[in-house]
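See structure below.
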Amino acid sequence: MVKEKVLIVGGGFAGIKTALELGKDDRFSVTLLSDNDHFTYYPTLYHVATGGARVNASIPLKTIFENSNINLSIAKADSLNRKAKVITTQDGKNFDYNTLVLALGQVTNYFNIPGLAELSFSVKSIDEVERLKAHLHAQLVSNHKPDLNYVIVGAGPTGTELAGSLQSYLKRIIYWHGLENRPIHIDLVEAAKRILPKMPPDMSRRIKRQLRLQGIRLYLGDAVEGESANDLLVNNKPIQSHTVIWTAGTANNPFFSANNFFLSANHKVATDVYLQAEPDIFVLGDNANTPYSGMAQTAIYDAKFLTNNLKRRARGRKFKSYVPKQPITVIPTSEGWAAISWGKLRIYGWLGWVLRQAADAHAFHDFEPWRKSLPQWFSYSSTEAVPCAICAQHNSN
Ligand SMILES: Cc1cc2nc3c(=O)[nH]c(=O)nc-3n(C[C@H](O)[C@H](O)[C@H](O)COP(=O)(O)OP(=O)(O)OC[C@H]3O[C@@H](n4cnc5c(N)ncnc54)[C@H](O)[C@@H]3O)c2cc1C
C-alpha cells in the first residue's frame, strides 16, 4: 500500500493533535517538523511565571511521541516550494509531502512601540516566563531599591489571569522573606475601554470587580506610547516600573507572508470550508481565519476536523465542511477564583476554579496517557519551581 505522506509543521496544539490522530492510521506516513523540542501548554504559562513548575506548562515532544511511528524533526521551516511539494528548513534540509498541514501559531507583536521589544517581559514561551519569575523574585527581595510597581499591559485573558496570580505570588514571597513593609502595586493597562474586550460585557464587568477587590489598579482606554529603563509612558504620563509585562499583541506567523499565502484582512490565512488554503495545503489553529481562531480548544478542534476528513478521503469518501465551534472561556484571577463563560451560562468563584483545574488536567491528557499527565499536572508548586532556599523551606512546610 502506498502511504499518503503528511508533513505537519508546528509542534503546538493543532500540529501535535493532527500527528497523534493520523499516526494511529497506517494509511499515512506522518512527519512532524517543529522548531521547538517541547510542546508549550500556553494556558498555564502564567502559573509557571508565578511559582509553578516548568512541567506544568511543557512536555518534551519526544515523550509525547515515544510510542508512535511519527517521524519527528526539530528544525525551523523556512520556505515552501509548491511545485516540488517541498518544505525547506532554515538549516537547509528538505521535507517532501503529498499533504501539508501548517500550524505555526502566532508571534509577539510590539507594534513598533519604542523600548518594548528590548525592555519588557513577554509570557509567550517557557524560557520567557522562567526569566520573568527569576526577575520578580530578585526585584522583590533586593536590598537596593526593590521594584514595588509591576505593570501588565493588555487586559485580554493572558494579562487578566497574570495580574491576579502575580499578586498572590508576590505577596507569598513578601511573607516568606518577612518583607511586609514593602507595599506592592500591580497595574493592568488596557487600550480598550473595558477589560477582556472580546468577551461578553457582563463577564468583563464581573471580573473587573473581582480584580479591583484584589487590589489591582486598572488603566482602561489608555494606550502605551513607549518604555524606558525606569518607566512606561501611558497617555503621555509615566508609570514608574522596572517590570513591564507585555501581553497586548500577537501577529500571525511571518512564514505565511514570506511564502506569499493569501491573507485575510486580519492577516490570518484565508481557507476554504475544508481549512484548505491551497491544493493539498491545510492551515489550522491560530493561523487560520476561522471565527474562533486564537484559542487552544479551536486548534484541537481543527486538528480533529482535518484528520477526520483526511481519513474519509483515504476511504474514498468526500470531505465534510467545517462548522465552527464556540469554545468555553475560563479566566482564573487568583487561586480559588475563576470565571467561566459558555454561551449564556456563567460560573464565577471556587467552582469555576475547580472546573478550570479539571479542564487543564484533561487537556494534558490530550497529549499524554493519564498515567503520565496526572502526576505532571499535580506536581503543582514543586520545589523545583521555587527560586531560593528561603522560599523552598516555606514551600515545603
Ligand atoms: C500566554 C497564553 C495563554 C493562553 N491561554 C489560553 C487559554 O487559557 N485557553 C485557550 O483556549 N487558549 C489560550 N491561549 C491560546 C492558545 O494557546 C493558542 O490558541 C494555541 O496555542 C494555538 O495552537 P496552534 O497549534 O495554532 O499554535 P501553537 O500552539 O502556538 O503551536 C505552534 C508551534 O509551531 C512552532 N513553529 C513556529 N514557527 C515554526 C516554523 N517556522 N517551523 C517549525 N515550527 C514552527 C512553534 O514553536 C510552536 O511549537 C493562550 C495563549 C498564550 C500565548
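Quick note on the working numbering: the sequence shown kicks off at 40 and runs consecutively. Where a beta carbon is used, it is the ideal one built from N, C-alpha and C, also for glycine.
If you draw a straight line from the C-alpha of G324 to the C-alpha of P414, how long is it?
-> Their Cα atoms are separated by approximately 28 Å.
**Prompt:** Under the rule that 16 or more other beta-carbon atoms within 10 Å means buried, what is T422, buried or exposed?
**Reply:** Note that T422 scores 48 on pLDDT, short of 50, meaning its location in the model is unreliable; the coordinates nonetheless yield the value given after this. The residue is exposed, with fewer than 16 neighbouring Cβ atoms inside 10 Å.
Distance check for G49 and I246, CA to CA, integer angstroms please. 34 Å
Original post:
Between which two residues does the beta strand (DSSP E) containing T147 stretch?
Top reply: Q145 to T147
For a test of the three-state rule: what should DSSP assign to S420, helix, strand or coil? Residue confidence for S420 is low, a pLDDT of 48 falling below 50, so the modelled location carries little weight and cannot support an answer.
Beta-bridge pairing of V283 - partner residues as DSSP gives them: V190
If contacts are defined as beta-carbon pairs under 8 Å, then E266 and N275 qualify, I think. What distance do you get, rounded to the angstrom? Contact annotation, E266 with N275: C-beta distance approximately 14 Å; criterion of less than 8 Å not satisfied.
Original post:
Fully enclosed by the region 331 to 410, which alpha helix (DSSP H) runs are 4 residues long or longer?
Top reply: 335 to 353 and 389 to 404
Buried or exposed, going by whether 16 or more other CB atoms sit within 10 Å of the CB of C430?
buried
- Excluding five sequence neighbours on each side, which residues of the same chain lie with their C-beta closer than 6 Å to the C-beta of F104? L111
Check: Within the chosen definition, does the region 87 to 106 reach the region 381 to 397 through at least 3 CB pairs nearer than 8 Å?
Finding: no
Query - For I47, the three-state DSSP class (helix, strand or coil) - result: strand
| message | Can you determine whether any heavy atom of ligand 1 sits closer than 6 Å to the C-beta of S73, and answer yes or no? | response | yes
Between which two residues does the beta strand (DSSP E) holding E317 run?
Q315 to E317
request  = List the DSSP bridge partners of I223.
outcome  = Beta-bridge annotation (DSSP): I223 is not paired with any residue.
| field | Secondary structure, alpha helix (DSSP H): runs of 4+ residues fully inside the region 221 to 276 | value | At a cut-off of 4 residues, the continuous stretches assigned as alpha helix (DSSP H) that sit fully inside the region 221 to 276 are 240 to 252.
* Asked: Does the distance from the C-beta atom of A309 to that of N328 stay below 7 Å?
  -> yes
Margin query: Could you tell me the alpha carbon to alpha carbon distance between A377 and H86, rounded to whole angstroms?
Written below: 14 Å
*Any non-hydrogen atom of ligand 1 within 6 Å of F67 CB*: Judged by the Cβ position, F67 fails to qualify as a neighbour of ligand 1 at the 6 Å threshold, every heavy atom of the ligand being at least this far.
> Just curious, the alpha helix (DSSP H) that A156 is in, first and last residue?
Replying inline: L155 to L158
(request) Within the same chain, show all residues whose beta-carbon is closer than 8 Å to that of K42, passing over the 5 residues directly before and after it, in chain order. (result) Counting only Cβ-Cβ distances below 8 Å, and skipping sequence neighbours, we find D65, R66, F67 and S68.
> Mind checking whether A290 and N148 have CB atoms under 7 Å apart?
Replying inline: yes
Q) Under three-state DSSP, which class holds G99? A) This sequence places Pro at residue 99; Gly is not what is there. In the structure shown, P99 falls within a strand segment according to DSSP collapsed to helix, strand and coil.
Burial state of V140, where buried means 16 or more other Cβ atoms lie within 10 Å = Buried, since its Cβ has 16 or more Cβ neighbours within 10 Å.
Next on the checklist: Out of G51, Q178 and Y136, which one is the CA nearest neighbour of K163?
Outcome noted: G51
Which residues in the same chain have their Cβ closer than 7 Å to the Cβ of L187, if we skip the five residues on either side of it in sequence?
R221, P222, I223 and H224
Using DSSP's beta-bridge definition, name the partner residues of H174. BP columns for H174 are empty, so no partner.
- Query: When DSSP builds the beta bridges, which residues end up paired with D311?
  - Reply: DSSP output for D311 lists no bridge partner at all.
N- and C-terminal bounds of the beta strand (DSSP E) containing S207: Segment P196 to W215 is the alpha helix (DSSP H) holding S207; no beta strand (DSSP E) there.
For I320 versus F160, is the C-beta spacing smaller than 7 Å? no
DSSP three-state assignment for A327, whether helix, strand or coil: strand
_Cβ-based burial, F150 [other Cβ within 10 Å; buried from 16]_ = exposed
**Request:** Can you tell me which of the three DSSP states T57 falls into?
**Result:** helix
CA-CA distance, R352 and D341?
-> 16 Å
Near Y136, what residues of its chain come up, given a Cβ to Cβ distance below 6 Å and the 5 sequence neighbours on each side ignored? K44, L46 and K124
Checklist entry - To the nearest angstrom, how far is it from the Cα of N227 to the Cα of A194? => result Note that residue 227 is Leu in the sequence shown, not Asn. In a straight line, the C-alpha of L227 is about 7 Å away from that of A194.
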